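In this note's numbering, the protein residues as written are 24 to 412.
Positions of the beta carbon are idealized from the N, C-alpha and C atoms, including for glycine.
Quick caveat: nothing in here was measured; it's all calculated off a predicted structure.
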Ligand SMILES: [Zn+2]
């Protein structure tokens, strides 16, 4: 079968004769005498499109045979028209050529190998078997983009054996027979079965997004061309939104956030002071003649509930205190403390009854649950707790 994508990676439409069509698990498996559909391989995702008016879901290659997985069957012997979904395919070409360029430059400078390559829906990742600093990576990015803007011509073909033997090319494994070589002048020479752009300018842009340590080396995330532009717009829109919210210039949003965080922590200190005063007043005015009681407060966080429970245990000499805050819609948060009872047991019981969660120590436990206030009153009163207001 003829692989038209090796004649040119720009063939978007073609005619092919159906050699076989069988029903399989992933759709109707169609083999043609020739195809321009690129099968998943070498890190590049499958092409999609339409064949004889039927949707092509995936394309795979096994032992040199390219199989198209279709939504509906085609007639054997029929000549059908194929159309490739060009937009995703061209993006894959930009990304694949960009990946070669970057891998070649990193290999040349650091001697590292590309040991993993994935073109995902959101980004491209490349793994290298050695460590790189971010500043060094930025130098690679600059160099890659210079080569892109110089619009160099990319070679992708099967060289003669003699020429191949004389080439020093990157390859994941030992290759025999016909080897397809993709050459970016001054950038990279690599054995590859994928589809590439003809001129480096078509890559448009290489932009690194992040780098993490991975299996003793690094995993680099990047975007090329059209996806890099879409990412730029997505981030620009987000920065603009933050900039509007903060009333700060887009280039000054991080210092504005730092300032805001400082203000928030000052306000939190003041708020804590207010809560402390409120808790003191609350505790002073409470009559607690019962041994075990519970108290429901509005808008108390765990920290302040804990403060309240501690004051009640210390000052009012309560045996067991359950301090709660919340409502039936948002759920309750609770803190329970005791002079003598094991709070882990009570917490466990309460969590079980109300499908809640939490835990703690013998003296104090905390958790959350959802309940109607009436239901809560009934459960706690049954356990010998009195409500105080
Ligand atoms: Zn490749």
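Does the distance from the C-beta atom of residue i to that of residue j stay below 8 Å?
i, j, result
"residue 390", "residue 370", "yes"
"residue 279", "residue 269", "yes"
"residue 418", "residue 147", "Outside the displayed span of the chain (24 to 412) sits residue 418, for which this structure offers no information."
"residue 316", "residue 406", "no"
"residue 342", "residue 361", "yes"
"residue 226", "residue 121", "yes"
"residue 97", "residue 80", "no"
"residue 55", "residue 40", "yes"
"residue 199", "residue 28", "no"
"residue 388", "residue 366", "yes"
"residue 251", "residue 230", "yes"
"residue 82", "residue 89", "yes"
"residue 125", "residue 240", "no"
"residue 106", "residue 44", "no"
Measure from the alpha carbon of residue i to the alpha carbon of each residue in the options, then state which is nearest.
i, options, result
"residue 150", "127, 260, 385", "127"
"residue 417", "96, 350, 335, 164", "Residue numbering for the chain in the displayed model covers 24 to 412; residue 417 lies beyond these limits and cannot be assessed."
"residue 216", "280, 69, 337", "69"
"residue 57", "409, 63, 42", "42"
"residue 143", "289, 67, 82", "67"
"residue 355", "277, 213, 380, 98", "380"
"residue 123", "282, 195, 31", "195"
"residue 303", "314, 288, 321, 335", "335"
"residue 475", "346, 324, 397, 322", "It is not possible to answer for residue 475, since the shown part of the chain is limited to 24 through 412."
"residue 129", "115, 156, 108, 145", "156"
"residue 253", "114, 169, 77, 87", "114"
"residue 59", "221, 274, 26, 350", "26"
"residue 291", "310, 359, 193, 324", "324"
DSSP has residue i in a bridge; who is on the other side?
i, result
"residue 389", "358, 382"
"residue 57", "25"
"residue 301", "For residue 301, which the question treats as bridged, DSSP gives no partner whatsoever."
"residue 349", "355"
"residue 46", "51"
"residue 213", "193, 205"
"residue 8", "No statement about residue 8 is possible, as the shown extent of the chain runs from 24 to 412 and does not include it."
"residue 242", "150, 235"
"residue 67", "64"
"residue 20", "The requested residue 20 is not part of the displayed model; the chain covers only 24 to 412."
"residue 142", "147"
How about residue i: is its Cβ closer than 7 Å to a heavy atom in ligand 1?
i, result
"residue 247", "no"
"residue 217", "yes"
"residue 115", "no"
"residue 119", "yes"
"residue 213", "yes"
"residue 76", "no"
"residue 123", "yes"
"residue 354", "no"
"residue 65", "yes"
"residue 205", "yes"
Quick check on residue i: buried or exposed, where buried means 16 or more other Cβ atoms within 10 Å of its Cβ?
i, result
"residue 104", "exposed"
"residue 385", "exposed"
"residue 166", "buried"
"residue 328", "buried"
"residue 208", "exposed"
"residue 189", "exposed"
"residue 32", "buried"
"residue 348", "buried"
"residue 297", "exposed"
"residue 283", "exposed"
"residue 36", "exposed"
"residue 344", "buried"
"residue 61", "buried"
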